[in-house]
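For the sequence shown, the working numbering begins at 14 and goes up steadily by one.
Every residue, glycine too, gets a C-beta built ideally from N, C-alpha and C.
Source: prediction; values computed, not measured.
A short worksheet on the structure shown next.
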Amino acid sequence: MIRRRRKAKAEKTRKTPPARPAPARGWRGRGAGSSVYVQAAEEWRGTTVQVCGLWPFAAGSGSPMIGVPIGRNLLTGATLCADPISWFQRAHLISNPSVFLLGRPGLGKSTVLRRMGLGLTGYGVLPMVLGDLKPDYVDLIRGLGGQVIELGRGRGRLNILDPGEASAAAERLTGSARAQVIADARGRRHTMVATLVTLLRAAPPTDHEELILDRAIGVLDDRHEGVPVLPDLIEVLMQAPDDVRQITFDRGDMDRYQDATDPLIKSLTAMLGQGRLGEIFSAETTTPMRRDRPVVFDISSIDPGDEMLQRAALMACWSSGFGSINVAHALADAGLEPQRLYFVILDELWRALRGGRGMVDRVDALTRLNRQHGVGQAMISHTMADLDALPDEDDRMKARGFVERAGMVICGGLPESEMPELSRVVGLSRAEQEMLVSWVDPPAWDDATGEETAPPGRGNFLVKVGGRPGIPVHVALTAVEEGLNDTNKRWHEQSSLADVGEAEPEAIA
Ligand SMILES: Nc1ncnc2c1ncn2[C@@H]1O[C@H](COP(=O)(O)OP(=O)(O)OP(=O)(O)O)[C@@H](O)[C@H]1O
Ligand SMILES: [Mg+2]
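Okay, here's the thing in structure tokens:
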């Protein structure tokens, strides 16, 4: 009896915890490990080879891993690889190799495309930046050993009547391939002249004028030795050749011919020399574009206030770039050149669309290819409201079609007002909408430096494919990219000049 009591006393004084299950928040008391909240389990990422031994605690990540590494999933930390070409060609995740980027200015849209362009060169794809207004892509393309073509008043010209490589390619081709290359080049030149007329008048040329233009370009090609320029086309119209007269239905009356062609001649003349478009499009091309290298058209020297010239330059670059790609396809199909893959970047789409009625059709015509095979396309605009700001309902619907038809839509921070329209086109859940809206929050002030911190939404994007849930991702720049990606370079250069000025005034002199 005494022995049993002693044993019970010894048990009472023993320090080991009693054998009952721990409460939900752990053992109470100092040093016993109780927690005020239930902690989420730690998660790690590893390769299939490493993680398989942890079965059944491993779970596959939902993020696709095929293509250019973009960044980490904001929710799971998983790596996301994505680009329109790999997702179309190898992963079969999207129905066509195109991406449309939307987002408020300065949140990193161009930066994502630079990342994709850079990554795709690793897969042997040639990035083609058809019109760089900032310049955002020049350093990258130069770094890749590509071609930088400068366009602007007094800097570089792009003759819109130059068939480019199409003439040389046609010589090497036969039969229908040859006919197709010639027809495509002619169609593009016609579209480009009509585009400039549309921009000057803020309205498209009439159907009759389009016919006259087409016939005049045909006559010009037959008669002219070498590469024609815009004054040659004007001369053809002035000379009133029979072919063109027929289409004007002048019935042998020169006055009727002049009535039909004068408005067109006036518009074309306004594009020459000291006209509003300068001589950029009406004189011999300064640097012909190559189709075997990365290319960027640097149009950053054009004054941002000169909106018409910016639009015209963008359209001319698109026309020339897509023309070259078409030639490359025709030559590759005929077995004369290797099959090349291109990643075409059309930044600042909204600028071109604002050129007046009919511009959407022109963009559509210029960015169309006979064979889409082998071309990934990326378009950037700010908001759906930009597309909806077009004056014509027809144009608005077609512009929305650019987003609807894109294989992949990538959205950065966007205001609440965008949500109804955007949800209609890409299907966003309430949580996704809230995420996008939170990314436009203004940056905080940094008390220590007196400067703004980086905007909270910079580098954050939601990748949407069809009606599937979006993948939120943060793009973190590598050290190399940070050097290439400084699109605020001019500001920095100026502030460093100011620093020099403050410290040692003589250094500037
Ligand atoms: N993921 C990122 N991390 C850090 N800085 C970034 C990131 N993305 C972009 N930036 C920086 O933010 C600035 C603006 O980026 P970017 O030009 O890509 O924006 P954008 O959306 O294309 O703007 P815009 O609509 O005006 O063309 C640049 O200085 C760029 O270096
Ligand atoms: Mg940009």
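Practice item. Report back the beta-carbon spacing between Arg-202 and Leu-174 to the nearest angstrom; my notes put them in contact at under 8 Å. Key: 6 Å
Point to revise | Ser-313 CB to nearest heavy atom of ligand 1 below 7 Å | key: Because no heavy atom of ligand 1 lies under 7 Å away, the Cβ of Ser-313 does not count as near it: no.
**Study point:** Test item: CB-CB of Met-392 and Trp-100 under 8 Å
**Key:** no
Review point. Can you tell me the Cα-Cα spacing of Gly-144 and Ile-195, whole angstroms?
Key: 25 Å
**Study point:** Residues that DSSP places opposite Cys-424 in a beta bridge
**Key:** Beta-bridge pairing links Cys-424 to Leu-115, Leu-475.
Practice item. Could I get the ranges of all uninterrupted beta strand (DSSP E) runs contained in the segment 368-411, with 3 residues as the minimum, in chain order? Key: 388-394
Point to revise | Span separating the alpha-carbon of Gln-160 from that of Arg-306 | key: About 7 Å.
Point to revise | Unbroken beta strand (DSSP E) run spanning Leu-487, endpoints | key: Per the sequence presented here, residue 487 reads as His, with Leu not at that position. That run of the beta strand (DSSP E) goes 484-487.
Practice item. Label Leu-11 either buried or exposed according to how many other C-beta atoms from any shown protein chain fall within 10 Å of its C-beta, with 16 as the threshold for buried. Key: An answer regarding residue 11 cannot be provided, because it is not within the stretch 14 to 522 covered by the chain.
Exercise for review: Go ahead and pull the three-state DSSP assignment for Tyr-355.
Suggested key: strand
Check your understanding: Quick one: what does DSSP say Arg-33 is sitting in, helix, strand or coil?
Key -> coil
Exercise for review: Measure the beta-carbon distance from Leu-497 to Leu-246 and round it to whole angstroms, keeping in mind my assumption that it falls under 8 Å.
Suggested key: About 41 Å; that fails the 8 Å criterion.
Check your understanding: Can you list, in chain order, the residues of its chain whose CB lies under 7 Å from that of Ala-516, leaving out five sequence neighbours each side?
Key -> Legend: pLDDT at Ala-516 = 42, less than 50; position of this residue unreliable, value from coordinates given subsequently. So the list is empty, once near-sequence residues are dropped.
Review point. How should Asp-360 be labelled, buried or exposed, when 16 other C-beta atoms within 10 angstroms of its C-beta is the threshold for buried?
Key: buried
Check your understanding: With burial defined as no fewer than 16 other Cβ atoms inside 10 Å of the residue's Cβ, what is the status of Ala-492: buried or exposed?
Key -> By the neighbour-count rule (16 or more Cβ atoms within 10 Å), Ala-492 is not buried but exposed.
**Study point:** Three-state secondary structure (DSSP) of Trp-452
**Key:** coil
Review point. Which class does Leu-366 belong to by DSSP, given the choice of helix, strand or coil?
Key: helix
Check your understanding: If you run the structure through DSSP and keep just helix, strand and coil, what is Gly-165?
Key -> strand
**Study point:** For Pro-468, the first and last residue of its enclosing beta strand (DSSP E)
**Key:** Counting along the chain, Pro-468 falls outside any beta strand (DSSP E), and DSSP gives it neither H nor E.
Check your understanding: With distances taken between CB atoms, is the gap from Leu-106 to Gly-426 smaller than 8 Å?
Key -> Their beta carbons are not under 8 Å apart, which means Leu-106 does not touch Gly-426 by this criterion.
Check your understanding: Between Val-157 and Ala-273, what straight-line distance do the alpha-carbon atoms span, to the nearest angstrom?
Key -> It is worth fixing the name first, because residue 157 is Leu in this sequence and not Val. The alpha-carbon atoms of Leu-157 and Ala-273 are separated by roughly 50 Å.
**Study point:** Cβ-Cβ separation, Phe-415 to Phe-113 (assumed contact under 8 Å), whole Å
**Key:** 6 Å
Check your understanding: Since Gln-160 sits in a beta bridge, which residues does DSSP pair it with?
Key -> Val-308
Practice item. Would you tell me roughly how many angstroms separate the C-alpha atoms of Ile-521 and Ala-345, rounded to the nearest one? Key: Confidence is the limiting factor: at Ile-521 the pLDDT is only 34, short of 50, which leaves the residue's position unreliable and the question unanswerable from this model.
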